[in-house]
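Here the structure is laid out as C-alpha coordinates; the discussion comes afterwards.
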Amino acid sequence: MSSSSALAVLGGKARNRRPKPAQQPALPAFDQNDPDGQGDVATSPPPGWNPTEANVSGDFAGLTLPGDFDPPWAYGDPPPVDAAGVTMTSGPYKGLHIPWRLGANSTPTPMLFSGMLPMYPKDVQDAYLTEYALRGYRDLMIAPDGWNYDANGFQMTPDVLLAWASYARNVWGNRIVLWRGAIQPNGTRISWRSTRPDSSAARLGAST
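In our numbering, each residue's number is its place in the sequence shown (first place is 1) plus 24.
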(Lines of atoms letter the chains of each structure in order from A; the text may use other names.)
(Lines give C-alpha, C1' and ligand atoms only; values in the text may rest on other atoms or scores of the structure.)
Protein backbone atom coordinates (compact mmCIF):
# COMPACT_ATOMS: atom_id res chain seq x y z
CA MET A 25 0.00 0.00 0.00
CA SER A 26 1.39 3.36 -1.01
CA SER A 27 1.87 6.29 1.34
CA SER A 28 -1.03 8.01 -0.42
CA SER A 29 -3.42 5.29 0.70
CA ALA A 30 -5.39 5.23 3.92
CA LEU A 31 -7.07 2.42 5.79
CA ALA A 32 -10.00 2.74 8.14
CA VAL A 33 -12.33 0.25 9.78
CA LEU A 34 -16.03 0.59 10.57
CA GLY A 35 -17.61 -1.91 12.94
CA GLY A 36 -20.03 -4.63 11.98
CA LYS A 37 -22.57 -6.92 13.62
CA ALA A 38 -23.65 -10.33 12.30
CA ARG A 39 -27.15 -10.42 10.85
CA ASN A 40 -29.36 -13.25 9.60
CA ARG A 41 -27.82 -13.44 6.11
CA ARG A 42 -24.38 -14.41 7.42
CA PRO A 43 -23.72 -18.18 7.56
CA LYS A 44 -21.46 -19.62 10.22
CA PRO A 45 -17.83 -20.30 9.24
CA ALA A 46 -17.25 -23.75 7.74
CA GLN A 47 -14.19 -25.96 7.99
CA GLN A 48 -12.05 -25.37 4.90
CA PRO A 49 -9.87 -27.95 3.14
CA ALA A 50 -6.25 -28.06 4.24
CA LEU A 51 -3.91 -25.85 2.26
CA PRO A 52 -1.66 -27.68 -0.21
CA ALA A 53 2.11 -27.53 0.07
CA PHE A 54 3.58 -24.19 -1.01
CA ASP A 55 4.80 -24.09 -4.60
CA GLN A 56 8.57 -23.73 -4.40
CA ASN A 57 8.50 -21.89 -7.73
CA ASP A 58 6.13 -19.22 -6.47
CA PRO A 59 6.41 -16.30 -5.98
CA ASP A 60 10.13 -15.78 -6.44
CA GLY A 61 11.58 -19.20 -7.14
CA GLN A 62 12.61 -19.69 -3.51
CA GLY A 63 9.30 -20.65 -1.99
CA ASP A 64 9.63 -17.56 0.18
CA VAL A 65 6.16 -17.63 1.74
CA ALA A 66 5.44 -16.84 5.40
CA THR A 67 3.94 -19.78 7.28
CA SER A 68 3.83 -18.26 10.76
CA PRO A 69 3.20 -14.80 12.25
CA PRO A 70 6.20 -12.45 12.43
CA PRO A 71 7.94 -11.87 15.78
CA GLY A 72 6.07 -9.42 17.97
CA TRP A 73 2.74 -9.86 16.16
CA ASN A 74 -0.17 -9.10 18.47
CA PRO A 75 -3.55 -10.49 17.33
CA THR A 76 -5.40 -8.07 19.64
CA GLU A 77 -4.17 -5.05 17.70
CA ALA A 78 -5.55 -3.64 14.45
CA ASN A 79 -5.32 -6.67 12.18
CA VAL A 80 -7.54 -7.24 9.17
CA SER A 81 -9.24 -10.59 8.61
CA GLY A 82 -10.17 -10.69 4.96
CA ASP A 83 -9.17 -11.32 1.36
CA PHE A 84 -9.59 -8.45 -1.07
CA ALA A 85 -7.80 -9.91 -4.08
CA GLY A 86 -8.12 -13.67 -4.20
CA LEU A 87 -11.43 -15.14 -3.05
CA THR A 88 -12.46 -17.64 -5.72
CA LEU A 89 -15.99 -18.97 -5.97
CA PRO A 90 -15.82 -22.81 -5.89
CA GLY A 91 -16.87 -24.88 -8.88
CA ASP A 92 -16.27 -25.29 -12.58
CA PHE A 93 -17.28 -22.64 -15.08
CA ASP A 94 -17.82 -22.12 -18.79
CA PRO A 95 -15.99 -21.08 -20.88
CA PRO A 96 -13.40 -23.21 -19.04
CA TRP A 97 -9.93 -22.00 -18.24
CA ALA A 98 -6.70 -23.80 -17.37
CA TYR A 99 -3.47 -22.47 -15.94
CA GLY A 100 -1.33 -21.28 -18.82
CA ASP A 101 -4.28 -20.25 -20.98
CA PRO A 102 -4.42 -16.63 -22.14
CA PRO A 103 -6.94 -14.38 -20.36
CA PRO A 104 -10.50 -14.54 -21.72
CA VAL A 105 -11.54 -11.83 -24.12
CA ASP A 106 -15.27 -12.57 -24.10
CA ALA A 107 -16.92 -9.59 -22.43
CA ALA A 108 -19.91 -11.79 -21.60
CA GLY A 109 -18.00 -13.43 -18.76
CA VAL A 110 -18.45 -16.97 -17.44
CA THR A 111 -21.20 -19.12 -15.94
CA MET A 112 -20.64 -21.50 -13.03
CA THR A 113 -21.44 -25.08 -14.13
CA SER A 114 -20.96 -26.93 -10.82
CA GLY A 115 -20.69 -26.33 -7.11
CA PRO A 116 -22.94 -24.30 -4.80
CA TYR A 117 -23.29 -21.46 -7.30
CA LYS A 118 -24.14 -23.53 -10.37
CA GLY A 119 -25.90 -21.35 -12.93
CA LEU A 120 -24.45 -18.10 -11.56
CA HIS A 121 -23.27 -15.79 -14.32
CA ILE A 122 -20.20 -13.65 -13.61
CA PRO A 123 -19.86 -10.84 -16.15
CA TRP A 124 -16.40 -9.74 -17.19
CA ARG A 125 -15.14 -6.46 -15.77
CA LEU A 126 -12.05 -4.64 -17.04
CA GLY A 127 -9.29 -4.98 -14.48
CA ALA A 128 -10.77 -8.08 -12.86
CA ASN A 129 -8.94 -11.36 -12.41
CA SER A 130 -8.91 -13.54 -15.50
CA THR A 131 -6.92 -16.41 -14.03
CA PRO A 132 -9.55 -17.61 -13.21
CA THR A 133 -12.52 -15.31 -13.71
CA PRO A 134 -14.41 -16.46 -10.54
CA MET A 135 -11.49 -15.05 -8.47
CA LEU A 136 -13.01 -11.72 -7.47
CA PHE A 137 -11.64 -8.47 -6.07
CA SER A 138 -13.74 -7.11 -3.20
CA GLY A 139 -12.98 -3.55 -4.36
CA MET A 140 -14.80 -4.25 -7.62
CA LEU A 141 -17.92 -5.84 -6.12
CA PRO A 142 -20.18 -2.77 -6.50
CA MET A 143 -19.93 -3.25 -10.29
CA TYR A 144 -21.32 -6.82 -10.20
CA PRO A 145 -24.95 -7.99 -10.10
CA LYS A 146 -26.40 -8.62 -6.65
CA ASP A 147 -26.38 -12.41 -7.03
CA VAL A 148 -22.61 -12.31 -7.62
CA GLN A 149 -22.17 -10.01 -4.63
CA ASP A 150 -24.20 -12.36 -2.43
CA ALA A 151 -22.22 -15.40 -3.58
CA TYR A 152 -18.99 -13.60 -2.70
CA LEU A 153 -20.31 -12.50 0.70
CA THR A 154 -21.49 -16.04 1.43
CA GLU A 155 -18.05 -17.50 0.71
CA TYR A 156 -16.47 -14.68 2.69
CA ALA A 157 -18.49 -15.63 5.76
CA LEU A 158 -17.94 -19.37 5.31
CA ARG A 159 -14.20 -18.75 5.41
CA GLY A 160 -14.51 -16.82 8.64
CA TYR A 161 -13.53 -13.43 7.22
CA ARG A 162 -14.90 -10.41 9.06
CA ASP A 163 -13.28 -7.36 7.43
CA LEU A 164 -14.52 -6.51 3.94
CA MET A 165 -12.28 -4.16 1.99
CA ILE A 166 -14.04 -1.65 -0.26
CA ALA A 167 -12.59 1.04 -2.51
CA PRO A 168 -14.17 4.45 -3.20
CA ASP A 169 -11.76 5.40 -5.98
CA GLY A 170 -9.60 3.71 -8.54
CA TRP A 171 -10.48 0.15 -9.52
CA ASN A 172 -11.41 0.84 -13.13
CA TYR A 173 -14.82 2.28 -12.38
CA ASP A 174 -14.56 4.74 -15.28
CA ALA A 175 -13.20 2.09 -17.66
CA ASN A 176 -16.24 -0.07 -16.91
CA GLY A 177 -18.70 2.78 -17.29
CA PHE A 178 -19.56 2.66 -13.59
CA GLN A 179 -20.20 5.85 -11.65
CA MET A 180 -19.06 5.59 -8.05
CA THR A 181 -20.73 8.21 -5.86
CA PRO A 182 -20.88 8.71 -2.09
CA ASP A 183 -24.45 7.40 -2.06
CA VAL A 184 -23.53 4.27 -4.01
CA LEU A 185 -20.58 3.57 -1.75
CA LEU A 186 -22.59 4.16 1.41
CA ALA A 187 -25.38 1.86 0.20
CA TRP A 188 -22.88 -0.89 -0.59
CA ALA A 189 -21.05 -0.51 2.73
CA SER A 190 -24.34 -0.51 4.63
CA TYR A 191 -25.52 -3.67 2.84
CA ALA A 192 -22.26 -5.53 3.48
CA ARG A 193 -22.25 -4.43 7.11
CA ASN A 194 -25.90 -4.44 8.21
CA VAL A 195 -27.11 -7.46 6.24
CA TRP A 196 -23.96 -9.61 6.16
CA GLY A 197 -22.30 -8.57 9.40
CA ASN A 198 -18.95 -7.45 7.99
CA ARG A 199 -16.70 -4.79 9.41
CA ILE A 200 -15.93 -2.38 6.61
CA VAL A 201 -12.34 -1.53 5.72
CA LEU A 202 -12.06 1.50 3.47
CA TRP A 203 -9.08 1.39 1.13
CA ARG A 204 -8.01 4.70 -0.38
CA GLY A 205 -6.20 4.66 -3.68
CA ALA A 206 -4.82 7.22 -6.09
CA ILE A 207 -6.56 10.51 -6.80
CA GLN A 208 -8.88 10.34 -9.79
CA PRO A 209 -7.85 12.05 -13.08
CA ASN A 210 -10.39 14.81 -12.39
CA GLY A 211 -8.64 15.56 -9.10
CA THR A 212 -11.41 14.34 -6.79
CA ARG A 213 -11.47 11.69 -4.11
CA ILE A 214 -14.26 10.29 -2.01
CA SER A 215 -13.61 10.99 1.65
CA TRP A 216 -15.27 9.48 4.71
CA ARG A 217 -15.92 9.95 8.37
CA SER A 218 -17.72 7.89 11.00
CA THR A 219 -19.33 9.03 14.20
CA ARG A 220 -17.83 6.12 16.15
CA PRO A 221 -16.05 2.85 15.27
CA ASP A 222 -19.13 0.65 15.71
CA SER A 223 -21.51 2.99 13.93
CA SER A 224 -23.19 2.35 10.59
CA ALA A 225 -23.73 6.10 10.21
CA ALA A 226 -20.83 6.57 7.83
CA ARG A 227 -20.94 9.77 5.85
CA LEU A 228 -19.10 9.86 2.56
CA GLY A 229 -18.62 12.93 0.40
CA ALA A 230 -16.61 14.09 -2.57
CA SER A 231 -13.49 16.08 -1.80
CA THR A 232 -10.84 17.74 -3.87
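Each residue gets a CB set at the ideal place from its N, CA and C atoms; glycine is no exception.
Please classify Gln179 as buried or exposed, where buried requires at least 16 neighbouring CB atoms within 10 angstroms.
Residue numbering aside, residue 179 sits at position 155 when the sequence shown is read from its first letter. By the 10 Å Cβ count, Gln179 comes out exposed.
Return the CA-CA distance between Arg159 and Leu153, expressed in angstroms with no decimal places.
Reading the sequence shown from its first residue, position 135 is the one you call residue 159. Reading the sequence shown from its first residue, position 129 is the one you call residue 153. Inter-residue distance for Arg159 and Leu153 is about 10 angstroms (C-alpha atoms, whole angstroms).
Measure the CB-CB distance between Leu120 and Leu87 and report whether it falls below 9 angstroms.
By one-based count along the sequence shown, residue 120 stands at place 96. By one-based count along the sequence shown, residue 87 stands at place 63. Result no, Cβ atoms of Leu120 and Leu87 do not sit closer than 9 angstroms.
Assign Asn198 to buried or exposed, taking buried as 16 or more other Cβ atoms, counted over all protein chains shown, within 10 Å of its Cβ.
As a first step, residue 198 is located in the sequence shown; it is residue number 174 there, counting from the start. It counts as buried.
To the nearest angstrom, how far is it from the Cα of Asp183 to the Cα of Ala189?
Reading the sequence shown from its first residue, position 159 is the one you call residue 183. Reading the sequence shown from its first residue, position 165 is the one you call residue 189. Roughly 10 angstroms separates the two Cα atoms.
Are Ile200 and Leu164 touching if we call contact CB-CB under 9 angstroms?
Locating residue 200 in the sequence shown gives position 176, where the first residue counts as 1. Locating residue 164 in the sequence shown gives position 140, where the first residue counts as 1. Their beta carbons are under 9 angstroms apart, which means Ile200 touches Leu164 by this criterion.
Closest to Gly91 by C-alpha separation, out of Thr76, Gly82, Lys118, Asn74, would be which residue?
Locating residue 91 in the sequence shown gives position 67, where the first residue counts as 1. It is Lys118.
Could you give the distance in angstroms between the alpha-carbon of Asp169 and the alpha-carbon of Phe84?
One-based indexing of the sequence shown puts residue 169 at position 145. One-based indexing of the sequence shown puts residue 84 at position 60. Their Cα atoms are separated by approximately 15 angstroms.
What's the C-alpha gap between Val80 and Ala50?
Sequence index remark: in the sequence shown, residue 80 carries index 56 (1-based). Sequence index remark: in the sequence shown, residue 50 carries index 26 (1-based). Roughly 21 angstroms separates the two Cα atoms.
Rounded C-alpha distance that separates Trp73 from Gln47:
Against the sequence shown, residue 73 aligns to sequence position 49. Against the sequence shown, residue 47 aligns to sequence position 23. Cα to Cα, the separation comes out at about 25 angstroms.
To which residues does DSSP link Asp163 through a beta bridge?
The residue labelled residue 163 in the question sits at position 139 within the sequence shown. Arg199, per the DSSP bridge assignment.
Three-state secondary structure (DSSP) at Leu136?
Position 112 of the sequence shown, counted from the start, is the residue given in the question as residue 136. It is a strand residue.
Thr131: buried (16+ other C-beta within 10 angstroms of its C-beta) or exposed?
For the purposes of this step, residue 131 is taken as residue 107 along the sequence shown, with counting starting at 1. Looking at its Cβ environment, which holds fewer than 16 other Cβ atoms inside 10 Å, Thr131 is exposed.
Taking Arg125 and Met143 to be in contact with their CB atoms under 8 angstroms, please state how far apart those CB atoms are, rounded to whole angstroms.
In the sequence shown, the residue the question calls residue 125 occupies position 101. In the sequence shown, the residue the question calls residue 143 occupies position 119. 5 angstroms between Cβ atoms; contact.
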